[in-house]
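Following: one structure in structure tokens, then a few remarks.
There are 2 protein chains.
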Amino acid sequence: MAKIRFEPKGIESEVPEGANLLEAAHEADVPINATCGGTGVCGTCQLKVLVGGVEEDPTPHHLRHPKSEGTVLACRAKVTGDAEVLVLDEGLQSMVGVKKRGLSEMLFTNVRDALAGDEFAPPTRKFHLELTPPSLDDPTGDADRILRELRSRHGLAEVNIDFDILPSLSHLVREADWKVTVTVLFKGTHCRLTNVEAGDTTSCCQYGVAVDVGTTTVVVQLINLVSGEICEEASDYNDQVRSGEDVISRIVYAGKGVGLELLRSQVTDTINRLVERVLGEAGVEASHVSAVVAAGNTTMTHLLLGLPPRYIREAPYVPTIGFPPWLRAARLGLTSLPNAYVYCVGSLASYVGGDITAGVLASDLPRSEELGLYIDVGTNGEMVLGNSDWMVACSCSAGPAFEGGGIKHGMRAVPGAIDAVEIDPVSLEPTVATIAGAVPCGICGSGLIELVAEMFVAKVLDPNGKLNRQVSSSRIRKAEHGYEYVVAWGAETTAGDDIVITEIDIDNLMRAKAAIFAAITLLAESVGVQMSEIARVQIAGGFGAKLNVGKAVTIGLLPDLARSTFSYVGNGSLTGASLVLCSATKLNASVGLVQKMSYMDLSSNPDFMNRYVSALFLPHTDTSLFPSVAAELADSIKHAAGGESS
Amino acid sequence: MAKIRFEPKGIESEVPEGANLLEAAHEADVPINATCGGTGVCGTCQLKVLVGGVEEDPTPHHLRHPKSEGTVLACRAKVTGDAEVLVLDEGLQSMVGVKKRGLSEMLFTNVRDALAGDEFAPPTRKFHLELTPPSLDDPTGDADRILRELRSRHGLAEVNIDFDILPSLSHLVREADWKVTVTVLFKGTHCRLTNVEAGDTTSCCQYGVAVDVGTTTVVVQLINLVSGEICEEASDYNDQVRSGEDVISRIVYAGKGVGLELLRSQVTDTINRLVERVLGEAGVEASHVSAVVAAGNTTMTHLLLGLPPRYIREAPYVPTIGFPPWLRAARLGLTSLPNAYVYCVGSLASYVGGDITAGVLASDLPRSEELGLYIDVGTNGEMVLGNSDWMVACSCSAGPAFEGGGIKHGMRAVPGAIDAVEIDPVSLEPTVATIAGAVPCGICGSGLIELVAEMFVAKVLDPNGKLNRQVSSSRIRKAEHGYEYVVAWGAETTAGDDIVITEIDIDNLMRAKAAIFAAITLLAESVGVQMSEIARVQIAGGFGAKLNVGKAVTIGLLPDLARSTFSYVGNGSLTGASLVLCSATKLNASVGLVQKMSYMDLSSNPDFMNRYVSALFLPHTDTSLFPSVAAELADSIKHAAGGESS
């Protein structure tokens with residue numbers, strides 16, 4: 064065995080010699096991103112070996128993130144003896160671990176605040192029962208006695224008892240002197256008795272867990288089901304990233320050997336780990352958690368349930384189940400929660416999943432007569448258009464550009480990522496800002512959008528997305544694979560290399576934004592609605608609150624509407640899951656909402672390609688769709704002219 | 064390893080050297096009775112070693128069944144090498160194994176015959192669905208698609224899907240080209256989708272299994288749920304007999320170490336074995352069995368469910384559950400039935416179990432306005448008095464006498480057991496009949512009742528149960544432990560020893576019959592009913608159809624009513640289980656029936672001891688209760704006098 068110490072946190076781990084260093088880090092719970100699943104192509108898992116026994120496979124790889132001198136890729140290194148290593152990517156370190164509430168940019172810190180007065184009624188509820196002890200004249204069975212009391216005292220006539228609680232029941236009720244607290248799960252028209260505890264635990268011991276099961280990141284919230292307070296939150300990379308970066312690669316992986324079982328245990332391991340953290344931070348016993356509500360895309364939900372996702376990927380793209388039943392957590396491998404039942408928010412289709420249902424539930428769409436657009440952009444873009452009467456949803460593949468994938472210096476939105484850019488229209492010199500003010504190490508999705516928008520307005524970039532070769536600036540240069548623009552010189556960056564954006568990067572971003580805009584266009588057309596009729600646009604997910612809506616309009620990603628139309632609704636999936644966890648009414652509403660939604664499949668829509676090609680332009684081939692951008696460009700010309708004349 | 068060949072069936076088994084011979088026989092599925100649980104006291108597991116390696120522990124034991132020369136007790140013998148052994152007790156051999164219907168003395172061979180026209184509707188039902196294949200416009204999930212079809216086509220709105228069927232569902236529906244047969248379990252107000260099969264299996268593949276889970280014997284019936292036909296039946300000793308002969312010893316055993324788990328697996332092993340036999344005989348696939356209904360006493364039900372039975376034995380004698388929920392068979396270890404759900408018939412109290420509920424359900428009691436008495440006598444006697452409006456039930460411990468226990472030459476009702484006796488009033492010579500006409504080897508419960516009644520009428524026995532020392536007969540003699548009567552001389556018996564009944568045996572029988580009669584008396588008194596008001600007495604269980612009601616009245620076991628009042632209803636537990644299996648109406652009726660029943664606890668009833676003591680007499684201290692017996696005795700005296708004068 065060899066001892067590995069991971070700095071700067073000083074976490075130690077013992078592993079067999081020959082072990083993979085990335086796996087050693089994961090086992091020691093040292094959070095290292097490996098977006099490619101540890102296949103040695105992304106370059107995110109760099110470590111500096113301070114002392115000792117680590118040996119790296121010397122085969123050269125083309126890495127998405129350039130490798131700094133003196134570092135090794137953890138995924139390609141093996142432990143040969145005791146060692147001390149330094150985890151370089153501080154961003155990753157700070158991103159994971161227990162986060163206090165607010166970090167998910169929740170719209171509230173107490174779920175009651177988001178609910179109408181009578182809506183706060185979690186689907187699991189506790190009842191304290193003081194049972195009449197049995198006698199020779201009343202030998203009713205212990206379980207039947209409890210059900211009888213629930214019927215006579217609380218009017219619950221149709222309660223099924225969970226068989227798992229029976230083996231210990233007789234001993235428990237006697238030890239508790241017939242004073243017990245039972246947990247009842249209300250599901251539709253009938254109820255289930257899911258737990259029995261000694262004494263009266265109704266006031267202090269009712270907790271629930273809301274989970275956003277993201278393809279990349281899993282976020283867990285511990286919520287007090289009596290007060291509604293969000294007690295703790297924690298997030299971490301979904302362990303499944305080791306088995307593939309996006310849903311398609313996971314579906315492929317699930318089809319091989321024990322792949323499905325591995326993926327299932329990876330996501331449950333992640334959730335168990337996060338649950339243990341929030342419970343530990345809050346000082347709450349695991350046994351007091353009675354319900355879990357998970358929201359994820361359809362593939363994530365299938366993998367959590369251990370269902371083969373194969374047909375999600377094969378036309379006509381049909382999941383095994385859209386509305387999974389409540390299930391005992393332990394049955395799914397969520398061993399951290401012995402008494403909890405799990406509900407997965409229902410999905411509309413294979414690519415409009417429970418995360419979207421939850422997000423729309425949390426948005427204004429189902430409660431407003433005004434027309435609204437809900438949009439969640441990541442590797443896939445999902446969008447829902449409608450109001451309280453009707454809704455139509457679709458999804459499109461945007462590619463990984465918005466998450467930093469396929470971009471030479473792209474990265475996720477963590478400290479050190481360039482997330483805001485201004486380009487001086489005269490000097491063409493950029494001013495960049497990074498997340499947490501750290502030394503720049505790459506460009507995240509929102510930074511990319513700002514960068515391209517600024518380059519376009521400053522005429523560094525033409526409407527086709529090509530760099531303006533006429534402009535004289537040392538920042539525009541021809542490199543091995545074509546033209547590029549230098550966003551930050553090597554002297555200013557962590558890695559010491561220039562951070563650039565290439566024409567290939569810009570092309571990838573254009574494709575992504577074109578797909579999203581084409582989808583929004585078709586969605587509106589499908590119901591005969593003009594863009595201008597959309598009263599509000601609610602943006603959830605990946606981009607974060609950092610998205611500069613104006614710049615997104617400039618590049619033609621979002622429709623050209625008044626800026627006040629747009630709002631950011633945070634992690635809609637998590638917010639919606641917390642609502643469902645605290646409100647049986649909201650749970651029912653989530654089902655009704657899906658039933659109300661129509662699904663429009665874009666893969667089979669011949670118009671999609673036309674709309675897409677029209678949108679492969681800055682901001683669009685039809686400039687009349689973007690009047691404010693035309694005005695901005697005119698302003699910019701004036702301003703530049705003014706600048707020149709001054 | 065050593066090879067053992069069990070003759071006369073020629074069943075071979077390979078076991079490690081040093082293995083216990085009884086366990087080797089059980090493992091090879093060679094049915095050998097060992098009523099004491101293999102502890103070397105009953106003497107029922109005798110084998111003759113024909114060839115080879117068997118070594119018996121030579122420590123002498125007092126055996127209930129005398130040991131024949133040249134035999135070994137399997138439970139006390141170990142295998143030392145290859146051997147051939149002969150199983151002596153042919154009765155046991157013929158009792159076990161697959162039995163054709165009729166052997167349980169069922170009142171019908173098709174369950175439909177026992178049900179009103181609209182009552183035949185098993186709680187599991189199959190529906191053939193021709194699903195519309197999904198399309199891009201209709202991407203509803205596979206499971207949701209099935210539920211949608213059940214809702215729209217069959218009006219089943221509230222169907223929960225069994226999670227276990229989901230992992231293979233998507234593949235199955237596609238392989239089946241969207242033509243499937245689903246099994247729906249109707250439980251109360253809602254339904255559960257328990258299985259999905261390819262194609263249309265509605266007409267030919269719907270089977271159920273009814274189980275009588277007896278303390279000693281388990282009986283299984285395979286029933287066609289379309290036709291109602293009872294296809295096959297098999298019975299075998301409950302493997303739990305190895306861990307104790309009666310419920311009390313099993314409860315004690317369950318409280319020790321892994322005792323509960325062992326008892327659970329013993330009974331499920333027994334059921335699995337019998338299910339495999341009936342399926343094999345009938346040529347039915349295990350996957351086509353959708354439901355199992357089991358009826359057993361409360362302890363048996365708890366052990367089958369793996370629930371600790373401890374409090375059944377401790378005052379105030381309360382079970383964990385009286386009405387267990389439907390459960391997936393595999394979950395209970397009934398691995399022979401991958402697609403079945405199991406229901407255990409509900410019980411009234413710890414000592415009035417599901418076997419009595421089932422029996423009463425199958426009897427006339429709940430359907431008649433006339434007053435009826437249902438009585439099931441074994442080690443425990445359970446009795447129910449009432450009619451369609453009300454019922455009252457109690458139980459008492461009769462001791463093992465009626466099952467041949469505690470009787471010097473007592474045995475179970477298997478071939479070779481003396482089951483009928485006549486004693487010539489003049490010569491006092493008995494004429495005996497045995498089951499299957501075999502050479503006598505002991506006396507079974509019904510034989511014992513006849514014997515004692517005949518001895519009493521012939522004045523060999525006085526009303527106190529003492530042998531008449533004044534009578535001159537070589538059959539009455541004083542032995543080491545007191546007086547005894549020789550029922551069969553050694554020359555006439557299998558073992559070559561005299562079969563006798565001792566005063567101790569008679570005392571044990573008197574106690575047993577006194578307890579039963581005292582219970583019946585108190586039951587009637589508790590509701591202010593005269594014995595004469597009882598219009599019919601239905602006798603179930605242990606005694607079998609062989610019980611001579613007249614003789615049972617003579618000894619004061621049964622009340623002195625017209626002989627036409629009495630009828631034998633066979634294995635009431637099994638009959639009732641088959642009704643519940645074929646009729647959701649009957650299932651509901653079984654629940655309603657228990658709710659209608661009052662339970663009278665005799666252990667706390669101070670009158671019980673008085674009534675019991677009064678009944679410790681032949682036929683009773685109050686002879687006015689038995690007018691027909693008084694007349695019989697008078698006749699007998701006349702007859703004997705006439706005989707003497709002739």
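In the order they appear, the protein sequences are chains X and R. Taking this note's numbering, the leading residue of the first sequence gets 64, the next gets one more, and so forth. Taking this note's numbering, the leading residue of the second sequence gets 64, the next gets one more, and so forth. Backbone N, C-alpha and C fix where the C-beta goes; we use that ideal spot for every residue, glycine too.
If residue i sits next to residue j, beta carbons under 8 Å apart, how far is it from one beta carbon to the other, in whole angstroms?
i, j, result
"V245 (chain R)", "L256 (chain R)", "6 Å"
"L397 (chain R)", "N301 (chain R)", "That belief does not hold up - the Cβ atoms of L397 (chain R) and N301 (chain R) are roughly 14 Å apart, past 8 Å."
"V341 (chain X)", "L285 (chain X)", "4 Å"
"A87 (chain X)", "I95 (chain X)", "10 Å between Cβ atoms; not a contact."
"S350 (chain X)", "P401 (chain X)", "6 Å"
"Q269 (chain X)", "L288 (chain X)", "4 Å"
"T361 (chain X)", "Y414 (chain X)", "7 Å"
"E295 (chain X)", "A345 (chain X)", "5 Å"
Starting from residue i, find everything on chain X with Cβ-Cβ shorter than 9 Å and list it in chain order.
i, result
"F226 (chain R)", "L368, P387, P388, L390, R394"
"S413 (chain R)", "P202, G204"
"P230 (chain R)", "L323, L368, G369, L370, P371, T383"
Mind listing the chain R neighbours of residue i? Cutoff is C-beta to C-beta under 9 Å, in chain order.
i, result
"R373 (chain X)", "S233, H234"
"E221 (chain X)", "G251, T252, H253"
For a test of the three-state rule: what should DSSP assign to residue i, helix, strand or coil?
i, result
"E588 (chain R)", "helix"
"Y316 (chain R)", "helix"
"K609 (chain R)", "coil"
"D525 (chain X)", "coil"
"Y751 (chain R)", "Since the first residue shown for chain R is 64 and the last is 709, residue 751 (chain R) is missing from the structure and cannot be characterised."
"Y546 (chain R)", "strand"
"K659 (chain R)", "helix"
"T122 (chain X)", "coil"
"S708 (chain X)", "A caution first: S708 (chain X) carries a pLDDT of 44, below 50, which makes its placement in the model too unreliable to give a value."
"R175 (chain R)", "helix"
"R599 (chain R)", "strand"
"S667 (chain X)", "coil"
"Q533 (chain X)", "coil"
In the DSSP assignment, what residue or residues form a beta bridge with residue i?
i, result
"I486 (chain R)", "R:P493"
"D201 (chain X)", "X:S198"
"R391 (chain X)", "X:Y404"
"I67 (chain R)", "R:S76, R:A146"
"C457 (chain X)", "X:M446"
"N673 (chain X)", "In DSSP, N673 (chain X) forms no bridge with anything."
"Q284 (chain R)", "R:A273, R:E296"
What does residue i touch in chain X if you count any residue whose Cβ is under 7 Å from its own?
i, result
"V381 (chain R)", "P197, P202, G204, D205"
"L448 (chain R)", "By Cβ distance, chain X contributes nothing, its closest Cβ being about 18 Å from L448 (chain R), past 7 Å."
Closer than 8 Å by beta-carbon distance: list the chain X residues that pair up with residue i, in chain order.
i, result
"S667 (chain R)", "L199"
Strictly below 8 Å CB to CB, what residues from chain R border residue i?
i, result
"D664 (chain X)", "L199, D200, P202"
>> What are the residues in the region 453 to 472 of chain X lying within 9 Å of chain A by C-beta distance?
In response: The structure shown contains no chain A; its protein chains are X and R.
> How do the region 298 to 315 of chain R and the region 196 to 209 of chain R stand: do at least 3 beta-carbon pairs fall below 8 Å, yes or no?
Replying inline: no
>> So, does the region 66 to 78 of chain R touch the region 599 to 619 of chain X, judging by three or more C-beta pairs under 8 Å?
In response: no
>> Can you confirm whether the region 671 to 686 of chain X touches the region 415 to 423 of chain X when touching is taken to mean that 3 or more C-beta pairs between the two stretches lie within less than 8 Å?
In response: no
> Looking at C-beta atoms only, is the number of pairs between the region 629 to 641 of chain R and the region 469 to 489 of chain R that lie closer than 8 Å three or more?
Replying inline: no
> So does the region 479 to 496 of chain R actually touch the region 573 to 585 of chain R, counting three or more Cβ pairs closer than 8 Å?
Replying inline: no
> With contact counted as at least three CB pairs below 8 Å, one residue from each stretch, are the region 616 to 634 of chain X and the region 584 to 601 of chain X in contact?
Replying inline: yes
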